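Chemist: I'd like to ask some things about the structure below.
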Amino acid sequence: MLVALFAVVMVLAVADRIAVIIAEHKISDRVASAYALPARPAVRITGFPFLAQVAAGKYHSVKIRVGSFAAGGVPLTGLDARLTGVRASIAQVLGHNPRPVTARHASATATVPLSAVGSRLPPGITLRPDGAALRVGGTARYFGLDLPVSATVRPAASPFGIALIPEQVHVGSVISVPACSLAGRLHVTVPLGTLPLRLKVTSVRVEPAGLRISAAGQDVHFATGG
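Mapping of the sequence shown onto the numbering used here: position 120 corresponds to residue 204, and the numbering continues sequentially without gaps.
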């Protein structure tokens, strides 16, 4: 009797794991198709047992990782997204129902390489990480002269993606000019277009590899298309 019960439990456990793997692959295919990703993202549906979640149509969370992609022509790497409050029937998860899967909340992080940010600056100006900010420097035209310029630039979230906000601009080594003089040329935007899951950038922080963005969204639709 105990042997038979153990066998049943093992069969159910194996069936549960097979079902979750199939669902993860289906969602991966559909997300890649819906957002024109260059490769299938890694998808993980958390929580056990999975079949109990299927029966309820509610899932603990869905994690999605995208290695690299472009948003608005800007390259991004290492997008890690987590969706909670996910509701869907098994037909929706497997793509047999055209209605998209929905999540009450989604959050994600990704990295924009510094090279993609630096290309938006005026010619002759380069940038590098400087603690929590960026340091820009180079040569710029000022009152008809080519003068060395340096500034501290703070990255911030904007409605379009990332904004670089100059906090202080110096010409040469001793001249400090008002922000309105040269700061306008260093105040640039890195537009990110439509991020996967239509998330909006909420914060930006400087890291050695680039700008690490955090993004979020409410009532997100995903796994459409395919």
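Every residue gets a Cβ at the ideal spot worked out from N, C-alpha and C, and that includes glycine.
These figures come from a predicted structure and were not determined experimentally.
Run through the DSSP bridge pairs and tell me what residue 119 is partnered with.
Modeler: Along the sequence shown, one-based indexing puts residue 119 at 35. Per DSSP, none; premise fails for residue 119.
Chemist: Considering only residues of the same chain and omitting the five flanking positions on each side of residue 287, which have a CB-CB separation below 6 Å?
Modeler: If you number the sequence shown from 1, residue 287 lands on position 203. If we look at residue 287 and ignore the five residues flanking it on each side, its Cβ neighbours are 241, 298.
Chemist: So what's residue 279 in DSSP terms, helix, strand or just coil?
Modeler: To locate residue 279, count along the sequence shown from 1; it is residue 195. Coil at residue 279, not helix or strand.
Chemist: Could you tell me the boundaries of the beta strand (DSSP E) in which residue 151 lies?
Modeler: Locating residue 151 in the sequence shown gives position 67, counting from the first residue. First-last of the beta strand (DSSP E) with residue 151: 142-155.
Chemist: Just confirm the distance between the C-beta atoms of residue 127 and residue 148, as a whole number of angstroms; I'd bet it's less than 8 Å.
Modeler: Here the question's residue 127 lines up with position 43 in the sequence shown. Here the question's residue 148 lines up with position 64 in the sequence shown. Their Cβ separation, rounded to whole angstroms, is 5 Å, which keeps residue 127 and residue 148 in contact under 8 Å.
Chemist: Secondary structure at residue 101, three-state DSSP: helix, strand or coil?
Modeler: Looking up residue 101 in the sequence shown gives position 17. Helix, per DSSP.
Chemist: Thinking just about the alpha-carbon of each residue, which of 231, 210, 120, 132 is nearest to the one in residue 98?
Modeler: Along the sequence shown, read from residue 1 onward, the residue named residue 98 stands at position 14. It is 132 whose Cα lies nearest to the Cα of residue 98.
Chemist: Given residue 291, which residues of its chain have a CB within under 8 Å of its CB, disregarding the five upstream and five downstream residues?
Modeler: Locating residue 291 in the sequence shown gives position 207, where the first residue counts as 1. The residues are 195, 213.
Chemist: Could you round the C-beta distance between residue 167 and residue 138 to whole angstroms and report it? I think they count as a contact, below 8 Å.
Modeler: Reading the sequence shown from its first residue, position 83 is the one you call residue 167. Reading the sequence shown from its first residue, position 54 is the one you call residue 138. So it is not a contact: roughly 16 Å between Cβ atoms.
Chemist: Can you grab the Cα-Cα spacing for the pair residue 113 / residue 124, in whole Å?
Modeler: Numbered from 1 along the sequence shown, position 29 holds the residue referred to as residue 113. Numbered from 1 along the sequence shown, position 40 holds the residue referred to as residue 124. Residue 113 and residue 124: Cα-Cα distance of roughly 6 Å.
Chemist: Is residue 205 helix, strand or coil when you go by DSSP?
Modeler: Counting from one through the sequence shown, the residue named residue 205 turns up at place 121. If DSSP states are grouped into helix, strand and coil, residue 205 belongs with coil.
Chemist: Going along the chain, which residues of its own chain have a beta-carbon closer than 7 Å to the beta-carbon of residue 174, five neighbours each way excluded?
Modeler: As a first step, residue 174 is located in the sequence shown; it is residue number 90 there, counting from the start. Once the five neighbours on either side are set aside, the close Cβ partners of residue 174 are 138.
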